[in-house]
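>
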DNA sequence: GCAAAAGTGTTGGGGATACACCCATGG
DNA sequence: CCATGGGTGTATCCCCAACACTTTTGC
């Protein structure tokens, strides 16, 4: 490649953005950030971070996760790079979207607030800066597909959870409802859950049994893929 | 962002690479290019092209397709961006992989040869320059998943084809074999094929019926997705 | 006593799989 | 006459979908 080409081509910046999904045992949420900087100051955006030219995408994502939610304990998957030349006044920025699944901890809401981070209901995402709404839509579609084919609750639910909670997670993500009995059958057939032989009291005052995931089985099914066909 | 940051970050180049699959009615192949330039002169690579900072990814891919196979009539899908900082002596180049499905035309083999392009059998891909083997593997996995869920033959088979040809395409892509009768049942149940009411003579000397895809149905099933579950 | 949520079985149908033989042709 | 590949039907099984009532508890 010629000298002039180098100048012409090596003139792009990279950034990553995260669509972080959290589940509060009732609804799915997405974590958004209030943008304090130009361009698009005052708008909400996805948590994002420029990538240094000598840094890998994954490391950048890890750092971004830690600076956003305080840990990198999340299931992360890369999405497509946004193809359009988005009009960022600074120059071309290629954004590589990711989606992440994290455990929703209501206690952290206050801490998030100080950083300008806020959970928004899955179906009430405001207009975002840049092309971030497109990335969110893409992530939602991806999540739907993943939910159908792989066990997906591990990173969204607390360690111990009830079947009803698991079911409402699926119902939220796929935006439809399931018959309780059929749902239970399917889940139990998969042998994915371990009965913890204890209960918690639920909102109705009645007791409900707790389960956890069989982590080995879960890992196997996640990597191989599985035909849940919800 | 500060002036110095701009210099620091806007220092990356983008490129696209294509994993082009073709099916010669017997085996799947991938189109590779003999690399005439440094770095890695003399190695095979994926057809690749730098992206100008003001050009969209898709347009770049389209141009790359046309310059490689002489047309952009292909099914194309974006893959993940390669995450590692690959040691290209010129600087950081972020490669955005794509895979494409095209009709294999044996007549074009000669024409390809002049451009240094050559079809390699799906399971006999040599060592490639850069991280292109990783991209190939990723593309193969993606193809497998697509084949299971969506009709995929349209861009790989000739306009008119026999059931046996369709079956060997599936067998190749998924690397397993199917019962003839069950395969036919499944395909006919999908109502995806139109009987052309004519035949060709096959290698065994016997006649074989020709079919084409019902394009409307095909388009619908491609976008909605479908549980073929091969 | 009533609202709210937990828990539990059965049935019918459709699609997947397994499996074997006949036919036409070219050599 | 035999090797090659095209074409066809049946029986079984399993998974999915549909569907309703009882129980506990708090109010």
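Residue numbers (the working numbering), protein chains in the order written: chain A, 1 to 230; chain B, 231 to 460. In this text, a Cβ means the ideal position worked out from N, Cα and C, and glycines have one as well.
How many Å lie between residue 251 of chain A and residue 200 of chain A at the Cα?
This structure gives no information on residue 251 of chain A, because the portion of chain A shown stretches from 1 to 230.
> Using a C-beta cutoff of 9 Å, does residue 10 of chain A count as contacting chain B?
Residue 10 of chain A sits at position 10 when you count from the first residue of the first chain. Closer than 9 Å to some Cβ of chain B, the Cβ of residue 10 of chain A qualifies, so yes.
> Ignore the nearest five residues each way along the sequence and tell me which others in residue 204 of chain B's own chain have a CB closer than 8 Å to its CB.
Absent from the structure is residue 204 of chain B, since the part of chain B shown begins at 231 and ends at 460.
> State whether the region 397-417 of chain B contacts the region 369-389 of chain B, with contact taken as three or more CB pairs (one from each stretch) at a distance under 8 Å.
Touching, yes.
> 9 Å is my cut-off, CB to CB: does residue 99 of chain A come that close to chain B?
As a working mapping, residue 99 of chain A is identified with position 99 in the first chain. Chain B, which has no Cβ nearer than 9 Å to the Cβ of residue 99 of chain A, makes this no.
> Given that residue 56 of chain A touches chain B, what residues does it touch there, using C-beta distances under 9 Å?
Numbered from its first residue, the first chain carries residue 56 of chain A at position 56. What residue 56 of chain A touches in chain B: 313, 314, 315.
> Closer than 8 Å, Cβ to Cβ, to anything on chain B: give me those residues from the region 25-36 of chain A, in chain order.
Cβ contacts with chain B: none found.
> Could you confirm whether any beta carbon from chain A is found closer than 9 Å to the beta carbon of residue 243 of chain B?
Looking up residue 243 of chain B in the second chain gives position 13. Closer than 9 Å to some Cβ of chain A, the Cβ of residue 243 of chain B qualifies, so yes.
> Shorter than 8 Å, the distance from the beta carbon of residue 385 of chain B to the closest heavy atom of the ligand FAD, or not?
The ligand FAD is not among the ligands present in this structure, which contains no ligands whatsoever.
> I'd like the list of long-range same chain contacts for residue 174 of chain A, defined as Cβ closer than 8 Å, with 5 residues on each side in sequence excluded.
Along the first chain, one-based indexing puts residue 174 of chain A at 174. 144, 147, 148, 230, listed in sequence order.
> Name the residues in the region 134-155 of chain A whose C-beta lies less than 7 Å from a C-beta of chain B; which are they?
Cβ contacts with chain B come from no residue of the region 134-155 of chain A.
> Taking only runs that begin and end inside the region 263-330 of chain B, name each unbroken beta strand (DSSP E) of 3 or more residues, in chain order.
Runs of the beta strand (DSSP E) inside the region 263-330 of chain B: 278-281, 305-311.
> Taking residue 467 of chain B as part of the beta strand (DSSP E), name the residues at either end of that continuous run.
Since the first residue shown for chain B is 231 and the last is 460, residue 467 of chain B is missing from the structure and cannot be characterised.
> So which residues on chain A does residue 405 of chain B lean against when the C-beta distance must stay under 8 Å?
Taking the second chain and counting its residues from 1, the one referred to as residue 405 of chain B is at position 175. Correct list: empty, because the minimum Cβ distance to chain A is about 15 Å.
> On the DSSP letters alone, give me the boundaries of the alpha helix (DSSP H) that residue 418 of chain B sits inside.
Translated into the one-based positions of the second chain, residue 418 of chain B becomes position 188. First-last of the alpha helix (DSSP H) with residue 418 of chain B: 410-419.
> Are the region 381-391 of chain B and the region 327-340 of chain B in contact at 8 Å, needing three or more beta carbon pairs?
With the cut-off at 8 Å, the region 381-391 of chain B and the region 327-340 of chain B touch.
> Run down chain B in chain order and give the residues with a C-beta less than 7 Å from the C-beta of residue 22 of chain A.
Taking the first residue of the first chain as position 1, residue 22 of chain A is located at position 22. Under the 7 Å cutoff, chain B gives no residues; its nearest Cβ is about 24 Å from residue 22 of chain A.
> Tell me which residues share the same chain as residue 424 of chain B and place their Cβ nearer than 8 Å to its Cβ, disregarding the 5 neighbours each side in the sequence.
Looking up residue 424 of chain B in the second chain gives position 194. Correct list, in chain order: 441, 442, 443, 444.
> Is it the case that the Cβ atoms of residue 44 of chain A and residue 121 of chain A are separated by a distance below 9 Å?
The residue given as residue 44 of chain A occupies position 44 in the first chain. The residue given as residue 121 of chain A occupies position 121 in the first chain. No, the Cβ-Cβ distance between residue 44 of chain A and residue 121 of chain A is not below 9 Å.
> Could you tell me which whole beta strand (DSSP E) segments of length 3 or greater appear in the region 94-147 of chain A?
With a minimum length of 3 residues, the continuous beta strand (DSSP E) runs that stay inside the region 94-147 of chain A are 117-121.
> Taking the C-alpha atoms as reference points, what is the distance between residue 65 of chain A and residue 396 of chain B?
Your numbering for residue 65 of chain A matches position 65 in the first chain. Your numbering for residue 396 of chain B matches position 166 in the second chain. One C-alpha to the other measures close to 45 Å.
> Output the boundary residues of the beta strand (DSSP E) element that contains residue 429 of chain B.
Numbered from its first residue, the second chain carries residue 429 of chain B at position 199. From DSSP, the beta strand (DSSP E) with residue 429 of chain B extends over 423-431.
> Taking the straight line between their C-alpha atoms, what separation do you get for residue 164 of chain A and residue 239 of chain B?
Taking the first residue of the first chain as position 1, residue 164 of chain A is located at position 164. Taking the first residue of the second chain as position 1, residue 239 of chain B is located at position 9. Whole-angstrom Cα-Cα distance: 47 Å.
> Nearest to residue 94 of chain A by alpha carbon, out of A:123, A:133, A:115, A:49?
What you label residue 94 of chain A is simply residue 94 of the first chain in a count that begins at 1. Ranking A:123, A:133, A:115, A:49 by Cα distance to residue 94 of chain A puts A:49 first.
> Can you give me the Cβ contacts of residue 84 of chain A inside the same chain, cut-off strictly under 8 Å, excluding the 5 residues immediately before and after it?
Stepping through the first chain from its first residue, residue 84 of chain A is reached at position 84. Result list for residue 84 of chain A: 131, in chain order.
> Quick one: is residue 346 of chain B near chain A, going by C-beta distance under 9 Å?
Walking along the second chain from the start, residue 346 of chain B turns up at place 116. Cβ-Cβ to chain A under 9 Å: no for residue 346 of chain B.
> Closer than 9 Å, CB to CB, is residue 90 of chain A near chain B or not?
What you label residue 90 of chain A is simply residue 90 of the first chain in a count that begins at 1. Closer than 9 Å: yes.
> Near residue 254 of chain B, what residues of its chain come up, given a Cβ to Cβ distance below 7 Å and the 5 sequence neighbours on each side ignored?
Here residue 254 of chain B is taken as the residue at index 24 of the second chain, counted from 1. So the qualifying residues of the chain are 334, 336.
> Is there at least one Cβ from chain A nearer than 9 Å to residue 283 of chain B's Cβ?
Against the second chain, residue 283 of chain B aligns to sequence position 53. Yes, its Cβ sits closer than 9 Å to a Cβ of chain A.
> In the structure shown, what three-state DSSP assignment does residue 247 of chain B receive?
Locating residue 247 of chain B in the second chain gives position 17, counting from the first residue. Here residue 247 of chain B sits in strand by DSSP.
> How long is the line joining the alpha carbons of residue 27 of chain A and residue 320 of chain B, rounded to whole angstroms?
As a working mapping, residue 27 of chain A is identified with position 27 in the first chain. As a working mapping, residue 320 of chain B is identified with position 90 in the second chain. Their Cα atoms are separated by approximately 48 Å.
> Using the beta-carbon count (16 or more within 10 Å), is residue 412 of chain B buried or exposed?
Translated into positions along the second chain, residue 412 of chain B becomes position 182. Classification of residue 412 of chain B: exposed, given that the 10 Å Cβ count is below 16.
> I'd like to know whether the C-beta atoms of residue 306 of chain B and residue 329 of chain B end up nearer to each other than 9 Å.
The sequence position of residue 306 of chain B within the second chain is 76, counting from 1. The sequence position of residue 329 of chain B within the second chain is 99, counting from 1. In this structure, residue 329 of chain B lies closer than 9 Å to residue 306 of chain B by Cβ.
> Strictly below 7 Å CB to CB, what residues from chain B border residue 96 of chain A?
Reading the first chain from its first residue, position 96 is the one you call residue 96 of chain A. By Cβ distance, chain B contributes 311.
> Using only CA atoms, which one of A:80, A:118, A:112, A:41 lies nearest to residue 29 of chain A?
Within the first chain, residue 29 of chain A is the residue found at index 29, counting from 1. The residue with the shortest Cα to Cα distance from residue 29 of chain A is A:118.
> At 8 Å on the CB atoms, spell out the chain A contacts of residue 361 of chain B, in chain order.
Your numbering for residue 361 of chain B matches position 131 in the second chain. Here the premise fails: no neighbours, minimum Cβ distance about 12 Å.
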